[in-house]
Structure formats: structure tokens, C-alpha cells
Amino acid sequence: MEEKICEIDSEEYFAPGHRACAGCGAAIAVRHALKAAGKEVIVVNATGCLEVFSTPYPETAWRVPWIHGAFENAAAIASGIDRALKHMGKRDKINVLVFGGDGGTFDIGFQALSGATERGDNFCYVCYDNNAYMNTGIQRSGATPKFAATTTSPAGKKVHGKTEYKKPMPLIMAAHGAYVATANIAFPMDFISKVKKGLEFRGPAYIQVYASCPRGWRIDSSMTVEIAKMAFEARVTPLYEIEKGIVAISRKPQKHVPVSEYLKAQGRFKHLNEAEIKELQENIDKEWDRLLKLEETKIMI
Amino acid sequence: MKNIVQASEAVAIAVKLCSPGVIPIYPITPQTVIVERIADFVNDGELNAELIHTESEHSSISAALGAQAAGVRTFTATASQGLALMHEVLFIVSGMRMPVVMAVANRALSAPINIWNDHQDSVSERDSGWIQLYVESAQEALDTVIQGFRIGENKDVLLPAMVCLDGFTLSHVYEPVEIPSKKEVERFLPRFRPAYTLDPKKPVTMGAIGFPDTYMEFRSEVQKAMLRSSAIIKKTNSDFRKSFKRGYGNGLIEGYRISDADYAIMAMGTVCGTARVVVDELRKNGIKAGLIKVKAFRPFPSAEILAAAKGLKGIAVIDRNISLGYEGALCSELRSLFYSRKGPVIKGYIAGLGGRDITPAHLKKAIKNIGKKGTEWLF
Ligand SMILES: Cc1ncc(C[n+]2csc(CCOP(=O)(O)OP(=O)(O)O)c2C)c(N)n1
Ligand code: SF4
Ligand SMILES: [Mg+2]
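As you go down the protein sequences, you meet chains U and G in turn. Each number in the working numbering corresponds to the 1-based position in the first sequence with 802 added. Each number in the working numbering corresponds to the 1-based position in the second sequence with 46 added.
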């Protein structure tokens, strides 16, 4: 598929010179999301890598208004901003864009996000999913994939990394009635158009963007985009939208890449045995079939 | 004209008069009536504000932070477990200098779970960077909410304020209350004009990470503002007196028959009402008693208390809280104030926890036992 890069806003709202690791997927995601939002935006950020590496006082990478409160309350802060804008009669002029890591979204911030979504508050929540609590040094989250080694789910002799599958956040958010999309830093045009759609949606929007983390995934920093692309091709992270509860797959991988290739490329999976890789492949196939069926049958989530 | 209203409703009326634009709400006994009345006002079109029906107090105070940062005056209310759940965000609101006003209908903390009054909830948030004002009557609750906005929003302060009213003992009590007009309140409380807001025309970063080379400066700025707020609280009280013909001591503390007293009761909240009666009775019996009502627990009114305590032989401190493993919090503050100073004997009492009545007999005993050592529990 052809990508028209020229349609991306050439203005940079996320300044270079921040302190992210080389090859940080989250930084790429934010740069593109801000281009989608443009100037008239207020950003809310949950505690995590992004907040820490972008705002070491008195420096800031943010050229748009930005606020950080705590780890688990980004959605609640966004609610307050949304309603304040509404009260001042500025709601239609200014977008509210939230960034939270997977820990701040799937786990500790889930209640606040669920509450704000249930209330129908108007914001676009972007969860940059790097599969673990990275800021505190690579700990397991509800978004960590099964068998991945983290510092709290280590690849031990007895237990081989994380023992559970990832929480199905997009489906959970779709059940709330939100506009939902999954995205991937390797597909910036797709991501940007989804953020635009999420911001235009009158109500809560949830976008989960796959954002590689060289530190946590034990990959070379040059592999950031490559790994994200492989995740898509191996169907680890399908790209889809859920509007009014109806699933639409955004694009399907052209070639079938076995998950083993994706796993082999990363240090966090290097301890996996054949049986475990087989289990993961079977689960991926099952989930992909489920997604195809959801799209085909147009069953409302 | 005076109206008979419940103190909770008096708070709600004060909120209506101050016109906050955003009010996050969440139920918890005994605070709930406050937000119920506010919801009535909003849904009847008497108050033009956004109610946010949050899913927890943690989110209420977080939403208040967001709304206030966006440039809108914000109010919320809570009690007990709700305030404890807010704990983390209280420090963030004060650290980011957001003048949110919050009513706290004081209630005991679990366990055992107990819905009745004491001051453990707000006293446990003593160090959170919030101004804390304890009130004694429905009228004082109404007046203090109005003052709270003016104090917090003062550019030399920019701090959040808690208006603490005793759960049930005050929150559910009906009293005659003078309700000022909207015009009068607008004259006293100017429109909220924040120096910095989240505005795309003037982008600012709020809530950045402070490394060891800057964190202490931020904290010391909050401390300086807190210390400056003492004078602002006093001035606000005297301006309020000029406008509305009523006030509460000097705004920080209030003395009752204290100038010639030998012994004083020191306390916060509604027990001060009981103490006034006891003071009168003791005086009839030839004991020169008085009362020091501490309205501001933070900022702590050191100079004012020292002045009020001149000539006293003893102070009986009634704490509706306990710092477990030591003593009551107000008693500790007073002892440290008088450390290495010549002053009265200080005797601490723990009383009225979890809704236990504090009777005139308790307070008389408190004065009688002033000379005895150690903290005493008034059961
Ligand atoms: C209440 C609370 N608990 C724990 C922390 C510590 N903490 C800060 S960031 C973080 C991890 C963030 O993980 P995630 O949301 O996935 O973002 P990432 O760092 O991966 O970008 C943790 C555990 C905190 N700041 N607040
Ligand atoms: S640890 Fe990972 S998410 Fe955090 S800054 Fe480094 S690359 Fe980015
Ligand atoms: Mg993460």
C-alpha cells in the first residue's frame, strides 16, 4: 500500500533533544500523534517513560500545553479538562489528547479510564504499548505477552517468564462504546489517520499503538521499526478499528510470518522452548480467526 | 434574613454563590448531602457548572486538578476513606499550586469502619500542602467556603484549601444561617483569573519531573506560600467582617474569655461550642477558664497562639485524632511551639473518636486534670 508522507503536518510539536533511549518507539508514536492533533490541543500524560524523558525541569519537549499528575489518573485529569473547556465554551476548538503507557492504562489507570469512558467524556486516549512497566525497569504488566521475560516475571528454571496472556484492552474499551483502534509505529499514516478520527469522534476514543522498546525487549535500537513490522506480519498485533462496536480490519499482512521469527529476534523470548512457541502460534491463529469472524459477522461488541 | 438550613446545605449554597465551573462529585457519608444539594442546584439550572460523576474520589480530585489547570474554578467534597483515597493527589494539587476548594465532612478512618465524626481523616493530611480551616457552625461553614476561594486564589498563596466540618455533629445539623446575596459575594470574591492555564496559545508544561537539583526549590516555594497565607487568611477574615458584618476571631484562631483566663481548652471544630458553655460554667464556680479555638491547623498559627496563651497557667488540648504511638496532633504542635519557651502546662486529651460524644463533664475533667502527666483518653 502506498503511503503519502507529504500529507503529514511538517510542524514538529515534540521537540528533539529529549532523553528517550535511542530507538524508543514511544517517542516515535508521540511525534506522529501530535502531528495528527495539530496545534490546538491539550495533552495529558500518565507517569511513565514518556513523561520522565520529555520533561526534566526546566526542560520540556512539549510545544503544546501539557499536564502530568500521577500514574493512574490521566483519564480523570482529561475529564476535568474536557469539562472545563466545555464550561468555557472552548470545547469545539481544542482537542484533548492523553498518553498513557500500558501499565498506566491496562492496570493501575484502568478504573479511571473506564470511568471517564463510561461518562462519555470527550478525549482521545493513546496507550503506547511497550509491553511492560519500562520506566521502573521492565516489570510485567497486564499487556506483557505470555512467556516474555521481565524483571518480575523472569525466565527462571521453573517458571518461563509471564504465565498469562495479554488483557484484551481494545475489546474491553469497545464494550464501553468508545471509538477503538489499534496502531503500530511501523505504520505512521495509519496511526495518524486513526488519531485524527479519534479526536474528531465526539466522545471517548481509545487507540493502542504498538511501540517497541529496545531496552525492555532486548533488541538493538536500530531494530525498533523492523520489530514492530514483524509483529504486524506475524499477526501478534493486528491493525483494526472498532466503530459503534463493529470490527473492521485496517490491513492484513501480505505474507504469513511465523511467530517464531518475531520471537527469535528479541532477547526477552530467547528462553522459549518449542512447545511454548507452538502454544503462542496456536493462540495467535485462534485470535486472528476470532478477529476475522468478528469482522465478517459484524457482531456488535 | 436568616434561614434554617443544614450545614451541608450551607456549604452547597456557598458553592453556588462562588460559581465554580467544574465540580467532581462522589458519595461518602457524611459528606454526601453536600454533593446532593449541589446536584440539585445544577440540575435545577441554579448553578451553571459541570458536574463530573467520577468513579472514585481519586478521580474526583484528579478531575479537579485538570479542570483547575484548564483555568476554571473548581470545588469538590469528601470525607474519611474518600480523603484517604485522594491522599496521593492532594500533594500533586498543592505542588502544582492549584487553588481547589474542598469541603471535608470529618469522619473516622477504618478499621473498624465507622461513619461518625473525628478529625483523623484531615489531620492525617496535615502535611499535604493544603490550607486546613476547621469550622464550628453552619454559618461559619458557609462563610469559610467563600473565604477559602479568595484565600487560595490570592496570587501570593495559590494553594488548595480544605474546609473541615464535623461529620453529623455539624454536617447534619440545622441552624439559622444568614445567606448573602450573589452580588455581595461577587464583590468579595473576584473572578478567578489564573496566571497560567493549559492554553494552546501559550503552551506550558505542568507537572514536569523535578530532579534533586530543583525539587527542593519547588517544595520551599510551597512552604513560603503556606507561611504567607497566614496574613492573607487574617486579611480575608477582616475584609469579610467589613462586608458581611461577621467574622471568626482573627481568621486563624478565635479566643473566648481568654484575655484574663488562667486555664484554657484548646480544640478544633464543634467541640468548641461545648467548650464555650463549659468555660461559662467554670467561671461561675470561680475558675478563670477560657477557650482557644484553632481554626487554621495549616498554616499553623504560631504567633497568634503564643499571644493568646500569654498569662495562661495551663492548656487542655482536646484532640479528635491520635498519632498512634505518640499523642494527639494538636497537642504535639502546641508542645513544640512552647519548647524552650516559658509557658503554660500543656496536657493532652484524646476524645470524641468515631463519633463518641464529648460532654461538658469531659471538658471539666480536662481542666481539672491539667496538672497530671501523660495523655489521657476521655471515654
Ligand atoms: C501509584 C504509583 N505506583 C507506582 C509508580 C511507579 N511507576 C512509575 S512509572 C511506572 C511504570 C510505567 O509503566 P507504563 O505505564 O507501561 O509506561 P512505560 O514506563 O512503560 O512507558 C511505575 C510502576 C508510581 N509512579 N505511582
Ligand atoms: S526504556 Fe523503552 S520506552 Fe523507555 S525510553 Fe527507553 S526505549 Fe523508550
Ligand atoms: Mg509500558
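By construction, the Cβ of each residue, glycine as well, lies at the ideal position given by its N, Cα and C atoms.
Measuring C-alpha to C-alpha distances from T953 (chain U) to each of U:W1019, U:F912 and U:K968 identifies U:W1019 as the nearest. With its beta carbon at least 8 Å from every one in chain G, A980 (chain U) lies outside the interface.
Interface residue (Cβ-Cβ distance to chain U less than 8 Å): V68 (chain G) is classified as such. At least one beta carbon of chain G lies nearer than 8 Å to the beta carbon of M890 (chain U). In the three-state reduction of the DSSP assignment, L179 (chain G) falls in the strand class. For F121 (chain G), the nearest beta carbon of chain U is not closer than 8 Å to its own beta carbon. Annotation for A824 (chain U): P1016 and S1023 place their beta carbon closer than 8 Å to its own, counting only its chain and skipping 5 residues before and after. Membership of K201 (chain G) in any beta strand (DSSP E) is not indicated, and neither H nor E is assigned to it by DSSP. For C851 (chain U), the secondary structure class from DSSP, reduced to helix, strand or coil, is helix. Ranked by Cα distance from D308 (chain G), the options G:F257, G:R366, G:I392 and G:Y261 are led by G:I392. In this structure, the straight-line span from the alpha carbon of R1037 (chain U) to that of I810 (chain U) is close to 27 Å. Nearest to T316 (chain G) by alpha-carbon distance, out of G:M208, G:R366, G:G253 and G:K359, is G:R366.
Here the distance from the Cβ of E103 (chain G) to the nearest heavy atom of ligand 1 is not below 7 Å. Residues of chain G with a Cβ closer than 7 Å to the Cβ of N875 (chain U) are, in chain order, H104, S105, S108 and V135.
In chain G, no part has a C-beta under 7 Å from the C-beta of S1014 (chain U); the shortest such distance is about 23 Å.
Scanning chain G for C-beta atoms nearer than 8 Å to the C-beta of R865 (chain U) yields P249, reported in chain order. Around V961 (chain U), the same chain offers S955 as residues with beta carbons nearer than 8 Å, after the five sequence neighbours per side are excluded.
In the three-state DSSP reduction, L1041 (chain U) falls in the strand class (E or B). Annotation: the continuous alpha helix (DSSP H) that includes M991 (chain U) extends over P990 to E1002.
By the Cβ criterion, the region 61-75 of chain G is in contact with the region 113-132 of chain G, since at least three pairs of Cβ atoms, one from each stretch, lie closer than 8 Å. One residue list follows from the rule of a beta carbon closer than 6 Å to any heavy atom of ligand 2, given in chain order as U:A822, U:C823, U:C826, U:A828, U:C851, U:F855, U:N932, U:M936, U:C1015, U:P1016, U:R1017 and U:G1018. DSSP, reduced to helix, strand and coil, places Y261 (chain G) within a helical segment of the structure shown. The beta carbons of M975 (chain U) and T919 (chain U) sit about 7 Å from each other, so the pair counts as a contact at 8 Å.
The Cβ-Cβ distance between G295 (chain G) and K339 (chain G) falls below 8 Å. Residue-level contact by beta carbon holds for H99 (chain G) and chain U, with a gap shorter than 8 Å. Closer than 8 Å to the CB of T919 (chain U) there is not a single CB belonging to chain G. At least one heavy atom of ligand 1 falls within 7 Å of the beta-carbon of S943 (chain U). Of all residues in the region 237-263 of chain G, only L244, D245, P246, P249, V250, T251, M252, G253, A254, I255, G256, F257 and T260 come within less than 7 Å of chain U when Cβ atoms are compared, listed by chain position. Looking at the backbone, the Cα of R143 (chain G) and that of Q269 (chain G) are separated by about 11 Å. The count of Cβ pairs closer than 8 Å, one atom from the region 903-918 of chain U and one from the region 989-999 of chain U, stays below three, leaving the stretches out of contact. Linking K1046 (chain U) to Y981 (chain U) through their CA atoms gives a straight-line distance of about 7 Å.
Burial is judged here by how many other beta carbons sit within 10 angstroms of a residue's own beta carbon; Q1056 (chain U) has fewer than 16 and is exposed.
Within the DSSP secondary-structure output, L188 (chain G) pairs in no beta bridge.
Placement of the Cβ of E874 (chain U) at a distance of less than 7 Å from at least one heavy atom of ligand 1 is found. For A207 (chain G), no CB of chain U lies under 8 Å from its own CB, so it is not counted at the interface with that chain. Fully enclosed alpha helix (DSSP H) runs of no fewer than 4 residues occupy 375-384 and 406-414 of the region 370-425 of chain G, in order along the chain.
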